[in-house]
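> Residue numbers (the numbering used here), protein chains in the order written: chain A, 66 to 377; chain B, 3 to 427.
Don't be surprised by glycine CBs; every beta carbon is placed ideally from N, CA and C.
(1) Residue 127 of chain B and residue 108 of chain B look like a contact to me (Cβ under 8 Å); what is the Cβ gap, rounded to whole Å?
(2) What in chain B is Cβ-close to residue 179 of chain A, meaning under 7 Å?
(3) Following the continuous beta strand (DSSP E) through residue 427 of chain B, name the residue where it begins and the one where it ends.
(4) With 8 Å as the limit, tell me which residues of the stretch 234-261 of chain A have their beta carbon closer than that to any beta carbon of chain B; keep them in chain order.
(5) Do residue 17 of chain B and residue 27 of chain B have their beta-carbon atoms positioned less than 7 Å apart in this structure?
(6) Which same chain residues, not among the five before or five after residue 377 of chain A, have their C-beta less than 8 Å away from its C-beta?
(7) Between A:297, A:288, A:111, which has its C-alpha nearest residue 332 of chain A's C-alpha?
(8) How big is the Cα-Cα spacing for residue 368 of chain B and residue 121 of chain B?
(9) Can you tell me whether residue 38 of chain B is buried or exposed, with buried defined as 16 or more other CB within 10 angstroms of its CB?
(10) Does any CB atom of chain A fall closer than 7 Å to the CB of residue 201 of chain B?
(11) Determine the direct distance from the alpha carbon of residue 7 of chain B to that of residue 274 of chain B, and round the result to whole angstroms.
(12) Which of the residues in the stretch 259-283 of chain A, read from start to end, lie with their CB under 7 Å from any CB of chain B?
(13) Check residue 137 of chain A in the structure and name its three-state DSSP category.
(14) Which value, in whole angstroms, describes the spacing of the CA atoms of residue 98 of chain A and residue 176 of chain A?
(15) Could you check if residue 129 of chain A is buried or exposed, using at least 16 other CB atoms within 10 Å of its CB as the buried criterion?
(16) Would you please verify whether the beta carbon of residue 274 of chain B is less than 7 Å from any beta carbon of chain A?
(17) Where do the N-terminal and C-terminal ends of the alpha helix (DSSP H) with residue 79 of chain B fall, by residue?
(18) So with CB distances below 8 Å, who are the chain B contacts of residue 154 of chain A?
(19) Which residues, taken in chain order from the stretch 184-201 of chain B, show a beta carbon closer than 8 Å to some beta carbon of chain A?
(20) For chain B, is any of its Cβ atoms less than 7 Å away from the one on residue 137 of chain A?
(21) Would you please verify whether the beta carbon of residue 78 of chain A is less than 7 Å from any beta carbon of chain B?
(22) Could you tell me which chain B residues have their CB closer than 7 Å to the CB of residue 198 of chain A, listed as they occur along the chain?
(23) Using a Cβ-Cβ distance under 7 Å, would residue 328 of chain A count as near chain B?
(24) Determine, using beta-carbon pairs with one atom in the stretch 261-277 of chain B and one in the stretch 318-329 of chain B, whether at least three such pairs fall under 8 Å.
(25) For residue 20 of chain B, which residues does DSSP report across the bridge?
(26) Note down the Cα distance separating residue 88 of chain B from residue 59 of chain B, rounded to an integer number of angstroms.
(27) Are the beta-carbon atoms belonging to residue 127 of chain A and residue 357 of chain A less than 7 Å from one another?
(28) May I have the straight-line CA-CA distance separating residue 198 of chain B from residue 299 of chain B, to the nearest angstrom?
(29) Taking 7 Å as the threshold (C-beta atoms), are residue 54 of chain B and residue 12 of chain B in contact?
(30) Can a CB atom of chain B be found closer than 7 Å to the CB of residue 176 of chain A?
(31) Quick one, which of A:300, A:283, A:361, A:284 has its alpha-carbon nearest residue 291 of chain A's?
(32) Are the Cβ atoms of residue 330 of chain B and residue 242 of chain B separated by less than 7 Å?
(33) Within the 7 Å Cβ cut-off, does residue 182 of chain A reach chain B?
(34) Going by Cα to Cα distance, which pick from B:317, B:407, B:283 is closest to residue 156 of chain B?
(35) Measure the alpha-carbon distance for residue 374 of chain A versus residue 82 of chain A and round it to whole angstroms.
(36) Could you name the residues of the same chain whose beta carbon sits closer than 6 Å to that of residue 72 of chain A, not counting the 5 residues immediately before and after it, in chain order?
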């Protein structure tokens, strides 16, 4: 079986076989990152543009390192330096980038659907690095890779995700990915942050009490409370948020003894996760970051394969 | 002016309770006679056998964009789209630039319509100056100029005290208040219906309660003041029910539904289709069904398009920043006839919803076939099958969610004041 997707717009479009293949490829690339000379010639001569129209450090760095380790030429543009500030439309920006013949555009954008929008308008591969509150597929894939590493398999796991479900693209991608791989997703967050119909996206159960959500869970994933996206009528205070929806040394014990604690970062210490837990033995947060490079190498490699097959 | 004889069609005029195979003779811009086997000497004959002959269709909710946004639409192009769709009268919303909040703008629209328009144009003025929700327009003089209704469409009056005063002031002048009923605080930064699809697409939602709460407020104010309230583009189950109950209590309220709301649901947004973005948004299947039931049981008085042309550059962008609205004049008739095919309403009812009933809702002196009355007539081929091609629409703008749809039924001849203004070749 070969990989059939020219674009990675979301997990929604991927099958469990696709996900399996991406994770297996990621595992293989992970070894490269442990070498003395961390580089393979796989994508030599390919040009990858990391177009980040929204602030990002971790994801952009991760994609850039992934591209470089595959020997591709990577170029970064960001929202503040792009022509977006000069009033150019996204389509015109994309067409101009495309005129310089990149092979892959990795896009992060504040508007939901923007990766989809680009894929309809340009010929090169598009990888969605986060579009609004819609999807963040590479994050879900690195999460799955990390879970698989620690748990052996994803099927049958109980995965609790706690926090601002409404604004989270990480949640949506993880619901699709975990459900497709046979896990069960338990969601919990304040009443203002649980969107209508979220349970329809996959094998999901919604909880209003965090203790119920994490009881006997195999995985507890805490979401960043995105203070920059909140209007002040969503939450009364971070103090109260931490009390009811924060992971701390007490409530973490409700999860299975061997449960792992995850966070997509950047973490707000003392808000959604206490420092004791964030730095505790169960935390796999830095494994997630490490696997991020490997899984993004896998995505760049796999979509390039599709592209070169199609141009032949 | 030439004599025209429309021969042998099924003539339906709900206001006259007329539904019969007969002829219509038009002379000097007026309907000279309606009857069997009329004398055709010297008359241009329009063969209408197998066709429907109805009062000219009336759309009480369009945006002609003129003055100010002529790159989207102007009075000439908008009224040409209207007559192509079978409409002989349109009421145009005041959110132009400058806003139609005074007699000078109203007069200029009327003058331009007389000079360049293809059908009758009834300007709707704003409730508040500049649509700013602060002070009332001069509704008395506007009424004298032929303005039948006022509306802050698109920028609803949020201050309930101001809406109360607007209703109290409008009432003695017989001016109808048309409300775009939405609570803007509840709308927030929403861009589509709040529900499972907005959750899935990661787009901010506009909840049904934003419309229901505003509709309830408007109905209560109308009940309190006794003014005539017309609720524009009702899209939710709750709003339909609020209007239904209000009518039972005798509140002076009417309402309209748009073809897109009784045809589509928020499923159409999937793929981030900006031509499925409008305000109020496409709702759930349940809401659509409620609107259809409202049409069937008489809660809905009018089918109105909310024809809202936008330039391609305003739609060919990310969904969240695309403009709200779609064009509707050229697709409304077959979508309404579909309700007949679906068995929801009968043909005379469908005709009423597009002619006499909307005219009555705003008090417009059109929408019926009467001997001695103005000869505004539409000849419809109910069986004509055609495919919507957005690029071929007559409107300057092509923003339709129905591109590629198979339609059945179309106007084949549109007559305004005794003059054939559109004829399908």
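To lay it out plainly:
(1) For the purposes of this step, residue 127 of chain B is identified with residue 125 of the second chain, where counting begins at 1. For the purposes of this step, residue 108 of chain B is identified with residue 106 of the second chain, where counting begins at 1. The pair is a contact, with the Cβ atoms about 6 Å apart (cut-off 8 Å).
(2) Indexing the first chain from 1 puts residue 179 of chain A at position 114. Result: 320.
(3) Counting from one through the second chain, the residue named residue 427 of chain B turns up at place 425. Unbroken run through residue 427 of chain B: none, as it is neither H nor E.
(4) 234, 237, 260, 261
(5) Within the second chain, numbered from 1, the residue matching residue 27 of chain B stands at position 25. Within the second chain, numbered from 1, the residue matching residue 17 of chain B stands at position 15. Not in contact: residue 27 of chain B and residue 17 of chain B (Cβ atoms no closer than 7 Å).
(6) Position 312 of the first chain holds residue 377 of chain A. Confidence is the limiting factor: at residue 377 of chain A the pLDDT is only 35, short of 50, which leaves the residue's position unreliable, though a coordinate-based value still follows. Closer than 8 Å at the Cβ level, and outside the excluded window around residue 377 of chain A, lies no residue.
(7) Here residue 332 of chain A refers to the residue found at position 267 when the first chain is read from its first residue. Considering only alpha carbons, the answer is A:288.
(8) Taking the first residue of the second chain as position 1, residue 368 of chain B is located at position 366. Taking the first residue of the second chain as position 1, residue 121 of chain B is located at position 119. Going by the C-alpha atoms only, they are around 12 Å apart.
(9) Here residue 38 of chain B corresponds to residue number 36 of the second chain, with the count starting at 1. Residue 38 of chain B is exposed by the Cβ-count criterion.
(10) Indexing the second chain from 1 puts residue 201 of chain B at position 199. At least one chain A Cβ lies under 7 Å of residue 201 of chain B.
(11) Indexing the second chain from 1 puts residue 274 of chain B at position 272. Indexing the second chain from 1 puts residue 7 of chain B at position 5. Approximately 49 Å, taken between the alpha carbons.
(12) 260, 261, 262, 263, 265, 266
(13) Here residue 137 of chain A corresponds to residue number 72 of the first chain, with the count starting at 1. In this structure, residue 137 of chain A counts as coil in the three-state DSSP scheme.
(14) By 1-based counting over the first chain, the position of residue 98 of chain A is 33. By 1-based counting over the first chain, the position of residue 176 of chain A is 111. The straight-line gap from Cα to Cα measures roughly 33 Å.
(15) In the first chain, the residue the question calls residue 129 of chain A occupies position 64. Its Cβ being crowded by 16 or more others within 10 Å, residue 129 of chain A is buried.
(16) Numbered from 1 along the second chain, position 272 holds the residue referred to as residue 274 of chain B. With 7 Å as the cut-off, residue 274 of chain B counts as an interface residue toward chain A.
(17) Counting from 1 along the second chain, the entry for residue 79 of chain B is found at position 77. Its alpha helix (DSSP H) spans residues 77-86.
(18) If you number the first chain from 1, residue 154 of chain A lands on position 89. The contacting residues are 315, 318, 319.
(19) 196, 197, 198, 199, 200, 201
(20) Here residue 137 of chain A refers to the residue found at position 72 of the first chain. Output row for residue 137 of chain A: interface = no.
(21) For the purposes of this step, residue 78 of chain A is identified with residue 13 of the first chain, where counting begins at 1. So, not an interface residue.
(22) Reading the first chain from its first residue, position 133 is the one you call residue 198 of chain A. Per Cβ cutoff of 7 Å: 204.
(23) On the first chain, residue 328 of chain A is found 263 positions in, with the first residue counted as 1. It does not; no Cβ of chain B falls within 7 Å.
(24) yes
(25) Locating residue 20 of chain B in the second chain gives position 18, counting from the first residue. Partner(s): B:15.
(26) Looking up residue 88 of chain B in the second chain gives position 86. Looking up residue 59 of chain B in the second chain gives position 57. Looking at the two C-alpha atoms, the distance is approximately 6 Å.
(27) Against the first chain, residue 127 of chain A aligns to sequence position 62. Against the first chain, residue 357 of chain A aligns to sequence position 292. Yes, these two residues count as a Cβ contact at 7 Å.
(28) By one-based count along the second chain, residue 198 of chain B stands at place 196. By one-based count along the second chain, residue 299 of chain B stands at place 297. Distance between the alpha carbons of residue 198 of chain B and residue 299 of chain B: 29 Å.
(29) Within the second chain, the letter at position 10 stands for residue 12 of chain B. Within the second chain, the letter at position 52 stands for residue 54 of chain B. Contact flag set, yes.
(30) By one-based count along the first chain, residue 176 of chain A stands at place 111. Yes, residue 176 of chain A lies at the interface with chain B (some Cβ there is under 7 Å from its Cβ).
(31) In the first chain, residue 291 of chain A corresponds to position 226, counting from 1. Considering only alpha carbons, the answer is A:300.
(32) Taking the first residue of the second chain as position 1, residue 330 of chain B is located at position 328. Taking the first residue of the second chain as position 1, residue 242 of chain B is located at position 240. Against a cut-off of 7 Å, the Cβ pair of residue 242 of chain B and residue 330 of chain B comes out as no contact.
(33) Position 117 of the first chain, counting from 1, holds the residue named residue 182 of chain A. Chain B, which has a Cβ nearer than 7 Å to the Cβ of residue 182 of chain A, makes this yes.
(34) In the second chain, residue 156 of chain B corresponds to position 154, counting from 1. Per the Cα distances, B:283.
(35) Translated into the one-based positions of the first chain, residue 374 of chain A becomes position 309. Translated into the one-based positions of the first chain, residue 82 of chain A becomes position 17. With a pLDDT of only 46 at residue 374 of chain A, under the threshold of 50, the placement of this residue in the model should not be trusted, and no figure is reported.
(36) In the first chain, residue 72 of chain A corresponds to position 7, counting from 1. Contacts found: 184, 190, 191.
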